[in-house]
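For the protein sequence lines, the chains are V and R, in the order given.
Read in order, the letters of the first sequence correspond to residues 1 to 496 in this note's numbering.
Read in order, the letters of the second sequence correspond to residues 1 to 496 in this note's numbering.
Protein chains: 2
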Amino acid sequence: MDAITLYNTLSRSKEPFKPINEGFVGIYVCGPTVYGDAHLGHAKSYTTFDVVVRYFRYMGYRVRYVQNITDVGHLTDDGDQGEDKLAKQSKLERLEPMEVAEKYTNRYFEDMDKLGLLRPDITPRASGHIPEQIDMIEKLIEQNHAYVANGNVYFDVTSDPGYGQLSGRTLEAAESGTRISAASDKRHPSDFALWKKADDSHIMKWNSPWGIGYPGWHIECSAMSTKYLGNSFDIHGGGLENQFPHHECEIAQSTCAHGNTHEHPFVRYWMHNNMVTLNGQKMGKSLGNAISLRQFYDGSHKLLSRSWEPVVIRYFLLQSHYRSTTDFSEPALLAAEKGYQNLIAIIHQLSVVSSKEKDGEEWPFQDFKKEVLSAMNDDFNTAQAIAILTTHLKKIRSQLAINSAPANLDEIMSFVEVFMKDVLGIWQASDASAKGSKSSQGDELITDLMELIIQLRKNARTEKNWAMSDQIRDRLREKGIQIMDTPEGTKWEFSN
Amino acid sequence: MDAITLYNTLSRSKEPFKPINEGFVGIYVCGPTVYGDAHLGHAKSYTTFDVVVRYFRYMGYRVRYVQNITDVGHLTDDGDQGEDKLAKQSKLERLEPMEVAEKYTNRYFEDMDKLGLLRPDITPRASGHIPEQIDMIEKLIEQNHAYVANGNVYFDVTSDPGYGQLSGRTLEAAESGTRISAASDKRHPSDFALWKKADDSHIMKWNSPWGIGYPGWHIECSAMSTKYLGNSFDIHGGGLENQFPHHECEIAQSTCAHGNTHEHPFVRYWMHNNMVTLNGQKMGKSLGNAISLRQFYDGSHKLLSRSWEPVVIRYFLLQSHYRSTTDFSEPALLAAEKGYQNLIAIIHQLSVVSSKEKDGEEWPFQDFKKEVLSAMNDDFNTAQAIAILTTHLKKIRSQLAINSAPANLDEIMSFVEVFMKDVLGIWQASDASAKGSKSSQGDELITDLMELIIQLRKNARTEKNWAMSDQIRDRLREKGIQIMDTPEGTKWEFSN
């Protein structure tokens, strides 16, 4: 099997993945700022890294997945001006900022659970790591990479020769493009806040060596990734929009504080997922065109004509590569739904093939599996993996229709199920129940009732009461249940 | 309506509840130490305070409910010796302590969600409030209530004339009963750690003015309750076993740091729930006789013969007063299940009474409601409230059997539903579906299939095929469905 290759934003190229510690992956992904509900753009980002983590685990790696919760310090404006997003929302909702954080953290996980995302191993809160952030800022000041001005602490970008390596933005370009506002106490327009002084009206604030204040947004990710993954770790992920300034600033802070080098970098691989667009425009809360996951789930947004199952949204997202934009429209979502249902229907059909039908030529299973995994190894190309999976299964089905099933069908279906479930995360409990593997109490009752109905229909047929037999079949069809009379007796399934 | 009265451990008496701020309640409850799964003892404590919060809200109060998560500092031994519980578990599970905390925090909320507990408004983590704890310790040192010894900081109990007010334990009694171990640097055996020095092998540690270390267990609750509820707040809750030393130490710390007085106390009302016992012995993880909620839910513990629905466990707990011990046994749980199912069956029967049957004399609804609420106002006597509710409903049902339903039945049932749902939290979605308010897809299909079966049975009866008609009825009965031929046609329900 080929190694996993992934696109490293730092080198602007695909590289084979080599872990720092053999068999282990440390990954940090920028989590949500918990002041509102997650929308489709968030779903794309977290689904991307969920599949990355799942695939590493599938390939036998032990993964520590850290995803932070930003509950303080993320301002409404990227230039160190503006209000704290949490504090602003708490004024609107008349709650204590931590109540806002708690509320939206709970809602975030609820939404992501529904989308089939595995919980990260550690979800550190920014407000819960103030000492770690202060320690790091102190180190930067000691090493002349940061300076104090009026109770604020700024990172001195001119002290870092590597600044701009991720985004490609040079200081010269920044200088010509931006002006320091008159009120600013920054030495250079690209200098960014590590610590901000809090005035009396500010509600989230802590003591620090520089007075009462709160951390800048970027320092939390440097401090928390270091705490839980070490000074140098494998993968850092986030949305493309985080590349600059957020990730550029993280690299500057961490590299200068820890003395990272090219051989021993802060982060080996930087992964960025592309955005979700709506009519060609980026979807974002601050842009006012976001459709939240909750709105998808209950169909309440004005741009939606109906509700959408979480698994369909997940399938829709995985149908495009994470580095491509996903343009949302309801017809596109409908197509994804059809595609998903089709795939599940084929899998279901192939799962109920009887043993004696499995007497055909063996399917080239190793090639099939290799094709699927090669797509995944090629920078986690889920779109291609799904396409390959579907094509093979369709071919097997059409062969079944004219001939018989491959002798190694069980092996194939077992791989498909594990891949759908463990890697793509689009194998839902309800799909599984179609296979009878595990069913809820309600499902059991349905099976019991169907057994009774089939018995009654059999009685009717014995008595040559064809009218009643047909009536039963038709009534069931209306309810989405198909009855098939086979040599082994009457079978039923949900029609697709 | 009478005021809510509650038993205040501090005064050893029931007192009418008077909030600090009219219409508002601030409540802090000691949350779990996240190093293992929650057991029935935890369920009793958190269900108790869940109902307290729900009842205050029902009575129109705006409640801020804070419940901490202890993820550092809780030692395996109460005397400031022993290992950190999280660190110990992380060695066993070979995880980073924060992975252990994350895992068991997630599992804790999953278990409590199933039990119908509302999420607290703020769930602060001890490890996330190190600066707040350090600030408070500094204040105590400044005011000569604490002293530094070898990198440890201890609270000086002799400096606090109020020490012992909650538990009634005097320092003299403590002195005669305990010896300072030779290795201890405490001045008095009852002095307790505010900050503990960490050696190199210690994994969870932070910088502090006294060197690298970690906070003592008690200080977190003082610091976090102050941060989110203020220097003086309404109610502090916890298990009886927390009364000493934990809550006694909290009072000492907070009162000395903030200069609380009798008129302006740290906490106005201290509420303690009693324990769950198993064969007369306290159930506890450290005692080795705990049955976790998960084990109840899936029936996997050796003392359990089957699995138990969360709502039955909740009903079981609410059937005894929170200040009484709950002695667990499976027969007792079975009795609770029967009681709950009975109550739901009666409610269901009374909910489907047709309008024209509601022509009887009015039920004394105001008296009924007053009786129920009086029980709740009397120190949250859920056991009595449930008994009153059940008695009234049974009386109404027996009247219905011989005569007709009260004309004000709708009003009664609406109160019952709200009380069951909002206050007791034992009105589950599945119960609601029995009323047809909202049903899942599976439920709809069951309704459809039953409609078809009833139609087929009708056909059989029309053809005088009594054997088949009876066969259908018997088969359904086996599946837990009862068919009733009534003047308005054939009805069906799940048998209880």
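Idealized CB from N, CA, C, for every residue including glycine.
Going along the chain, which residues of the segment 472-484 of chain V sit with their C-beta nearer than 9 Å to a C-beta in chain R? Of all residues in the segment 472-484 of chain V, those with a C-beta nearer than 9 Å to a C-beta of chain R are Ile-472, Arg-475, Leu-476, Glu-478, Lys-479, Gly-480 and Ile-481, reading in chain order.
Only counting runs of 4 or more residues, tell me where the alpha helix (DSSP H) segments fall wholly within the segment 50-117 of chain R, in order along the chain. Complete alpha helix (DSSP H) runs here, min 4: 85-93 and 97-114.
Answer yes or no: does any C-beta atom of chain V fall closer than 9 Å to that of Met-458(R)? As a working mapping, residue 458(R) is identified with position 458 in the second sequence. With the sequence shown as reference, residue 458(R) is identified as Lys, and Met is not the correct amino acid for it. At a cut-off of 9 Å between C-beta atoms, Lys-458(R) does not count as an interface residue with respect to chain V.
Quick check: the segment 446-453 of chain V against the segment 389-398 of chain V, are there 3 or more CB pairs under 8 Å? no
Identify the residues that DSSP records as bridge partners of Ala-335(R): which are they? One-based indexing of the second sequence puts residue 335(R) at position 335. According to DSSP, Ala-335(R) bridges with nothing at all.
Leaving out five residues on either side along the sequence, give the residues of the same chain with a beta carbon under 6 Å from the beta carbon of Ile-137(V). By one-based count along the first sequence, residue 137(V) stands at place 137. Excluding residues within five positions, the ones whose Cβ falls inside 6 Å are Val-153, Leu-194 and Trp-195.
Buried versus exposed, by CB contacts within 10 Å (16 or more), Asn-68(V): Counted from its first residue, the first sequence places residue 68(V) at position 68. Per the 10 Å Cβ criterion, buried.
Could you work out which residues of chain V lie near Arg-119(R), taking near to mean beta carbons separated by less than 8 Å? By one-based count along the second sequence, residue 119(R) stands at place 119. Going along chain V in sequence order, the residues near Arg-119(R) (Cβ under 8 Å) are Glu-102 and Asn-106.
To which residues does DSSP link Ile-20(V) through a beta bridge? Taking the first sequence and counting its residues from 1, the one referred to as residue 20(V) is at position 20. Partner(s): none; Ile-20(V) has no beta bridge.
From the DSSP output, read off the bridge partner residues of Leu-278(R). In the second sequence, counting from the first residue as 1, residue 278(R) sits at position 278. BP columns for Leu-278(R) point to Gln-281(R) and Phe-328(R).
Neighbour list for Glu-99(R) in chain V, Cβ cutoff strictly below 7 Å: Along the second sequence, one-based indexing puts residue 99(R) at 99. Result: Asp-121 and Ile-122.
Checking 9 Å against the spacing of the C-beta atoms, do Ser-305(V) and Asp-298(V) come in under that value? Against the first sequence, residue 305(V) aligns to sequence position 305. Against the first sequence, residue 298(V) aligns to sequence position 298. Not in contact: Ser-305(V) and Asp-298(V) (Cβ atoms no closer than 9 Å).
Sort out for me which residues DSSP pairs Ser-292(R) with in a bridge. Mapped onto the second sequence, residue 292(R) falls at position 292. DSSP lists His-39(R) as partners of Ser-292(R).
With 8 Å as the C-beta to C-beta threshold (strictly closer), list the residues of the segment 199-221 of chain R near chain V in chain order. Answer set for the segment 199-221 of chain R: Trp-206 and Asn-207.
Return the residue from the list Leu-287(V), Phe-56(V), Ala-198(V) and Pro-245(V) that minimises the CA-CA distance to Asp-378(V). In the first sequence, counting from the first residue as 1, residue 378(V) sits at position 378. Residue Phe-56(V) is the option with its Cα nearest to Asp-378(V).
What do you get for Leu-409(V), buried or exposed, if any count of 16 or more other CB atoms within 10 angstroms of its CB means buried? To locate residue 409(V), count along the first sequence from 1; it is residue 409. Under this definition Leu-409(V) is a buried residue.
Show which residues of chain R have a CB atom less than 9 Å away from the CB atom of Pro-131(V). As a position in the first sequence, residue 131(V) is number 131, starting the count at 1. Chain R residues near Pro-131(V): Ile-130, Pro-131, Ile-134, Trp-206, Asn-207 and Ser-208.
Cutoff 9 Å: Arg-57(R) Cβ touching any chain V Cβ: Taking the second sequence and counting its residues from 1, the one referred to as residue 57(R) is at position 57. Not an interface residue.
Against Met-468(R), what residues of chain V qualify as contacts under a CB-to-CB distance less than 9 Å, listed in chain order? By one-based count along the second sequence, residue 468(R) stands at place 468. Chain V residues near Met-468(R): Leu-456 and Asn-459.
With distance defined between alpha-carbon atoms, name the residue in Ala-38(V), Gln-399(V), Phe-233(V) and Ile-212(V) nearest to Val-66(V). Numbered from its first residue, the first sequence carries residue 66(V) at position 66. It is Phe-233(V).
Using a Cβ-Cβ cut-off of 9 Å, state whether Leu-95(V) counts as contacting chain R. The sequence position of residue 95(V) within the first sequence is 95, counting from 1. Judged by the 9 Å Cβ criterion, Leu-95(V) is in contact with chain R.
Could you say if the segment 14-23 of chain V and the segment 231-247 of chain V meet the contact criterion of at least three C-beta pairs nearer than 8 Å? yes
Within this structure, are the beta carbons of Ile-453(V) and Leu-445(R) separated by less than 9 Å? One-based indexing of the first sequence puts residue 453(V) at position 453. One-based indexing of the second sequence puts residue 445(R) at position 445. Between Ile-453(V) and Leu-445(R), the CB-CB gap reaches or exceeds 9 Å.
7 Å CB neighbourhood of Arg-314(R) in its chain, flanking five on each side removed: For the purposes of this step, residue 314(R) is taken as residue 314 along the second sequence, with counting starting at 1. Same-chain partners within the cutoff: Thr-47, Leu-115, Gly-116, Gly-425 and Ile-426.
Between the segment 351-358 of chain R and the segment 71-83 of chain R, do at least 3 Cβ pairs fall closer than 8 Å? no
Alpha carbon to alpha carbon, how far is Asn-207(R) from Gly-213(R)? Position 207 of the second sequence holds residue 207(R). Position 213 of the second sequence holds residue 213(R). Rounded to whole angstroms, the separation of the alpha carbons of Gly-213(R) and Asn-207(R) is 7 Å.
The segment 268-282 of chain V touching the segment 315-330 of chain V, judged by at least three CB pairs closer than 8 Å: With the cut-off at 8 Å, the segment 268-282 of chain V and the segment 315-330 of chain V touch.
Within a Cβ cutoff of 7 Å, which residues of the same chain sit near Phe-415(V), ignoring the five residues on either side of it in sequence? Here the question's residue 415(V) lines up with position 415 in the first sequence. Answer for Phe-415(V): Lys-369, listed in chain order.
Distance between Glu-493(R) and Ser-404(R) (C-alpha atoms, nearest Å): Along the second sequence, read from residue 1 onward, the residue named residue 404(R) stands at position 404. Along the second sequence, read from residue 1 onward, the residue named residue 493(R) stands at position 493. C-alpha separation (whole angstroms): 21 Å.
Option nearest Gln-384(V) by Cα separation, candidates Glu-142(V), Phe-316(V) and Glu-93(V): Here residue 384(V) corresponds to residue number 384 of the first sequence, with the count starting at 1. It is Phe-316(V) whose Cα lies nearest to the Cα of Gln-384(V).
Closer than 7 Å at the beta carbon, the chain R residues around Tyr-228(V): Position 228 of the first sequence holds residue 228(V). Residues of chain R passing the Cβ test: Glu-96 and Met-98.
According to DSSP, residues forming a beta bridge with Arg-125(V): Locating residue 125(V) in the first sequence gives position 125, where the first residue counts as 1. Ile-69(V), per the DSSP bridge assignment.
I need the boundaries of the beta strand (DSSP E) containing Met-271(R), first residue and last residue. Taking the second sequence and counting its residues from 1, the one referred to as residue 271(R) is at position 271. Judged by DSSP secondary structure, Met-271(R) falls within the beta strand (DSSP E) whose first and last residues are 267-273.
Can you tell which of Phe-24(V), His-39(V) and Ser-254(V) has the C-alpha that lies nearest to the C-alpha of Leu-287(V)? In the first sequence, counting from the first residue as 1, residue 287(V) sits at position 287. Checking every option, the nearest Cα to that of Leu-287(V) belongs to His-39(V).
Would you mind stating whether Glu-99(R) and Asp-121(V) have Cβ atoms separated by less than 9 Å? As a first step, residue 99(R) must be located in the second sequence, where it is residue number 99. As a first step, residue 121(V) must be located in the first sequence, where it is residue number 121. Going by C-beta atoms, Glu-99(R) is nearer than 9 Å to Asp-121(V).
Which residue marks the beginning of the beta strand (DSSP E) containing Pro-215(R), and which one marks its end? Counted from its first residue, the second sequence places residue 215(R) at position 215. Unbroken beta strand (DSSP E) run through Pro-215(R): 213-215.
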